[in-house]
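Chains as they are written, first to last, in my numbering: chain A, 15 to 216; chain B, 5 to 165. Everything below concerns the one structure shown next.
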């Protein structure tokens, strides 16, 4: 890596950390409102992850999970995904529907719709905070809910990235309930153009 | 004793060890393409992500269906395989994102399958077995000892193609 690309990475990193902090705190607020319980969020991480390692996140490529996926368009372009292990997604539905944990056993159309709404709210809260912090406006697409192996869900992100490089820039945070981790991972993958625009604004 | 060789995203592997099983986990829109030369028990599996390698790009060729198939075939030939004996099996190419607002530009799975068909056709190779398309992810196992390919998806039993 050259010095200039190192500098680029450092500048970008600090910029994204500031953006992520506000955005993800606000996203947690949106998600808390939706599930009716106070959710906290771990310190957001901004990481460059090698493409080949991505499927190994969250329990490996064959682990069953639910991905709530949104495209972001506008002054910021990118992808957002809430990724939840399958049993945890059932718990989230129970919380949203105000029924005892363990009630939801499968994800039918009503349950998927609830999860879509959760993604919608989380994504919108994130983008609102980013707009307030940076002045950059963007909007989310309607959310899509995917229930499958982690590896297959992640193909969406990789196959629709505008440019393939060795690594993907990912902003990652874990939502927590009652101080326990791993209810949901929130990933934001900015498009390459967006990354370049953000650095050039400085 | 069986040994699992993981074929990661955008990679390929070739083996002549009958104990080895080449595995591509959790294929969504990606495709897994296996080639087998029975006479020398040589197997190869490609795990490709996107359909067509962009002209002039320095991007890794094994990430793309068209260039990946050629790479795999060349590697098999270097190890003694004869193209006329190669048995080809493939799986994957699901369209994972079936939702309003996500049609059109997201049909990467279909484009991957089409790229595989046209590349194999241009190389005069036919497909002996396949399970492609649909909307669910698959794990693909390719057995070096006999060239069998099995598929697993969530909620379904393992099956052979």
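All C-beta atoms, glycine included, are put in the ideal place defined by N, C-alpha and C.
*From the beta carbon of residue 37 of chain B, is the nearest beta carbon of chain A less than 8 Å away?*
Chain A, which has no Cβ nearer than 8 Å to the Cβ of residue 37 of chain B, makes this no.
_Chain-order list of residues whose beta-carbon lies under 7 Å from that of residue 37 of chain A (same chain, five-residue window excluded)_ = 140, 143, 144, listed in sequence order.
*Can you list, in chain order, the residues of the region 153 to 164 of chain A whose Cβ is nearer than 7 Å to any Cβ on chain B?*
Those residues of the region 153 to 164 of chain A placed with their C-beta closer than 7 Å to a C-beta in chain B are 155, 156, 158, 160, 162, 163, 164, ordered along the chain.
_Own chain partners of residue 163 of chain B with C-beta closer than 6 Å, once the 5 adjacent residues on each side are dropped_ = Taken in chain order, the residues that qualify are 155.
_Spatial neighbours of residue 5 of chain B within its chain, please: C-beta separation below 7 Å, excluding the five flanking residues on both sides._
If we look at residue 5 of chain B and ignore the five residues flanking it on each side, its Cβ neighbours are 23.
*Could you check the C-alpha separation between residue 133 of chain A and residue 96 of chain B for me, to the nearest Å?*
The alpha-carbon atoms of residue 133 of chain A and residue 96 of chain B are separated by roughly 27 Å.
*Can you round the beta-carbon distance between residue 209 of chain A and residue 172 of chain A to whole angstroms, since I take them to be within the 8 Å contact cut?*
Going by Cβ atoms, the distance from residue 209 of chain A to residue 172 of chain A rounds to 16 Å, so no, they are not a contact pair.
*Quick one: which chain B residues come within Cβ less than 8 Å of residue 78 of chain A?*
Within chain B, the residues near residue 78 of chain A are 158.
*Find the nearest neighbour of residue 115 of chain B within the set B:44, B:69, B:8, judged by alpha-carbon distance.*
The option with the nearest alpha carbon to residue 115 of chain B is B:69.
*Comparing the C-beta of residue 97 of chain B with each C-beta of chain A, is any distance below 8 Å?*
Not closer than 8 Å to any Cβ of chain A, the Cβ of residue 97 of chain B fails to qualify, so no.
*Exposed or buried, which one is residue 8 of chain B when buried takes at least 16 other CB atoms within 10 Å?*
With fewer than 16 other Cβ atoms from the protein chains shown falling within 10 Å of its own Cβ, residue 8 of chain B counts as exposed.
_Rounded C-alpha distance that separates residue 150 of chain B from residue 54 of chain A_ = Residue 150 of chain B and residue 54 of chain A: Cα-Cα distance of roughly 52 Å.
_Can you confirm whether residue 62 of chain A, when its beta carbon is compared against all beta carbons of chain B, has any partner nearer than 8 Å?_
Answer no: the Cβ-Cβ gap between residue 62 of chain A and chain B never drops below 8 Å.
_Looking only at its chain, what residues have a beta carbon closer than 6 Å to the beta carbon of residue 32 of chain B, apart from the 5 residues adjacent to it on each side?_
Non-local C-beta neighbours of residue 32 of chain B in its own chain, meaning closer than 6 Å and more than five positions away in sequence, comprise 98, 100, 141, ordered along the chain.
*asked:* Between residue 53 of chain B and residue 17 of chain B, how many whole angstroms is the CB-CB distance? I'm expecting something under 8 Å.
replied: Not confirmed; about 15 Å, so no contact.
*With DSSP run on the structure shown, which of helix, strand or coil describes residue 76 of chain A?*
Coil.
_Which residue wins for smallest C-alpha separation from residue 46 of chain A, given the options A:59, A:92, A:198?_
Considering only alpha carbons, the answer is A:198.
*chain B partners of residue 65 of chain A, CB-CB under 8 Å?*
Per Cβ cutoff of 8 Å: 13, 14.
*Paired residues, beta bridge with residue 91 of chain B - DSSP*: Looking at the DSSP assignment, residue 91 of chain B forms a beta bridge with B:40.
_C-alpha distance - residue 112 of chain A paired with residue 118 of chain A, whole-angstrom precision_ = Within the model, the alpha-carbon separation for residue 112 of chain A versus residue 118 of chain A is close to 11 Å.
*Could you please give me the residues that DSSP links to residue 190 of chain A through a beta bridge?*
As DSSP reads the structure, residue 190 of chain A sits in a beta bridge with A:54.
_Could you tell me the alpha carbon to alpha carbon distance between residue 16 of chain A and residue 121 of chain A, rounded to whole angstroms?_
Reliability of the predicted coordinates at residue 16 of chain A is poor, the pLDDT of 44 falling under 50, and no value is obtained from them.
*Return the CA-CA distance between residue 200 of chain A and residue 189 of chain A, expressed in angstroms with no decimal places.*
CA-CA distance, residue 200 of chain A to residue 189 of chain A, rounds to 8 Å.
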